[in-house]
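What follows is a short report on a single structure.
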Amino acid sequence: MGAATAFSLNDVAIKWLSGDYPLHEITFFRSLFAICITLAVFVPLEGSYRSLLSRRLRFHALRGAIVVTANMAFYTGLATLPLGEATAIYFVSPLFITALSVLLLGETVGPRRWIAVLAGLAGVVIVIRPGGSAFQYAALLPLFAAFFYALLQITTRKIGVTEKASTLSFYLNFVFILFSGMIGLMFGDGRFSGTGSANLEFLLRAWIWPPASDLLLLAGIGLIGSVGGYLVSQAYRISQAGLIAPFEYVAMPLAIFWSIAIWGDWPDAIAWVGIVLIAGAGLFVFFREMALGNPLRWKAALRRGR
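Residue 179 in UniProt numbering sits at position 179 of the sequence shown; the count goes up by one each step and never skips.
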């Protein structure tokens with residue numbers, strides 16, 4: 001619950017800042033503060049700084065590249081999409097994992113899970129409404145992000161993970177700092193801004209040095225993100241996945257609540273149908289995996305990289 005709340009607040013803060021700052025700047029400061037918190041608090045909690053001397057730098061680089069791609073896609077879409085609907089679309093990621101496990105890992109998926117996957121994808125189509133007057137191309141970005149998060153988990157399952165949560169967090173935030181710094185050097189002067197698209201402006205807007213109040217907010221985003229990641233890792237470490245994973249879906253009603261309370265974005269009746277289908281399909285497939293003795297797939301799937 002704490003982790004789901006933390007991730008939800010993280011999304012709220014980034015959407016709040018999306019009209020004033022470029023995404024690469026928000027990402028840079030968030031990751032900078034997060035890596036400092038990881039080094040100061042979570043690495044000592046889990047042992048010593050020697051755990052950061054990983055021999056799997058290629059894995060960390062690959063993982064970082066996939067998460068950065070998914071992260072940038074999700075938040076670019078969030079600049080114009082209602083938070084609740086963007087989050088609902090993102091939660092199709094576990095269903096992508098089920099489908100990709102067949103294509104890339106050769107696993108067998110029964111007809112009931114395939115029906116659930118199709119139901120969840122139908123829910124996405126209902127929320128996005130391609131071809132309708134309410135359709136936004138930006139709605140495809142959370143779907144793209146969900147696919148890449150699923151690809152991350154499939155890759156992780158194939159390679160295997162032995163590092164501690166704090167080590168994974170350190171290298172992930174390090175990749176974010178490198179990537180956002182490079183984007184800032186290329187686009188930070190605003191030479192490519194003025195596109196007329198709010199989503200592209202969020203990517204290409206010029207770097208603006210934040211006042212103290214916004215700097216505190218950026219530090220808070222880093223704190224929330226690092227604490228949320230640690231909480232969900234610890235929850236899965238000390239308890240069964242079947243008890244923890246359903247609480248991840250608390251992020252969906254929370255996102256809808258924030259979307260209504262802060263921005264006045266009420267999902268319409270059609271969107272509610274899609275949201276219920278996505279959540280119901282995801283939970284059905286999860287509990288089916290548990291019944292079949294495959295909790296580890298979902299234990300990884302619901303550890304968000306954002």
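Built from N, CA and C at the ideal position, the CB exists for glycine as well.
- In the three-state reduction of the DSSP assignment, Lys164 falls in the coil class.
- The segment 21 to 37 makes no contact with the segment 257 to 274; the number of CB pairs closer than 8 Å stays below 3.
- DSSP, read as helix, strand or coil, puts Ala134 in coil.
- Cβ-Cβ distances below 6 Å link Asn173 to Ser31, Ala34, Ile35 in the same chain, with the five nearest sequence neighbours on each side left out; the list follows chain order.
- Your pair Ser18 and Ala79 checks out as a contact, with CB atoms roughly 4 Å apart and the cut at 8 Å.
- Cβ contact annotation for Tyr75 (same chain, cutoff 7 Å, sequence separation greater than five): Ile14, Leu23, in chain order.
- Contact between Phe284 and Ala116 holds, with the beta-carbon distance rounding to 5 Å and staying under 8 Å.
- Here Val43 is not near Ser54, since their CB atoms are 8 Å or more apart.
- Under the 8 Å Cβ criterion, the segment 102 to 118 counts as touching the segment 142 to 162, having at least three qualifying pairs.
- Close CB contacts of Gly228 within its chain, under the 6 Å cut and outside five residues either way in sequence, are with Ala3, Ala6, Phe7 (chain order).
- Leu121: member of the alpha helix (DSSP H) spanning 111 to 128, first to last residue.
- In this structure, Asp11 sits near Leu83, with a CB-CB distance shorter than 8 Å.
- In this structure, the alpha-carbon of Phe170 lies about 26 Å from that of Phe202.
- Assigned with DSSP and collapsed to three states, Val102 falls in helix.
- Here Ala139 is near Ile128, since their CB atoms are less than 8 Å apart.
- In the structure shown, the three-state DSSP call for Val250 is coil.
- A residue is called buried once 16 or more other Cβ atoms fall within 10 Å of its Cβ, and Thr162, having fewer, is exposed.
- In this structure Leu143 is in contact with Val124, their Cβ atoms being roughly 6 Å apart against a cut-off of 8 Å.
- Secondary structure of Val92 (DSSP, three-state): coil.
- Every candidate beta strand (DSSP E) stretch fails here, since none sits fully inside the segment 154 to 207 while reaching 3 residues.
- In the same chain as Asp265, and ignoring 5 residues on each side of it, the C-beta atoms closer than 6 Å to its own belong to Pro82, Ser259, in chain order.
- Of Thr69, Ile89, Ser48, Ala73, the smallest CA-CA separation from Gly280 is found for Ile89.
- Gly282 places its beta carbon less than 8 Å from that of Leu95.
- Met182 counts as exposed, since fewer than 16 other beta carbons sit within 10 angstroms of its beta carbon.
- Note on geometry: alpha-carbon atoms of Phe29 and Pro211 lie some 13 Å from one another.
- Closest option to Ser93, judged by alpha-carbon separation, among Ile278, Leu217, Gly274, Gly131: Ile278.
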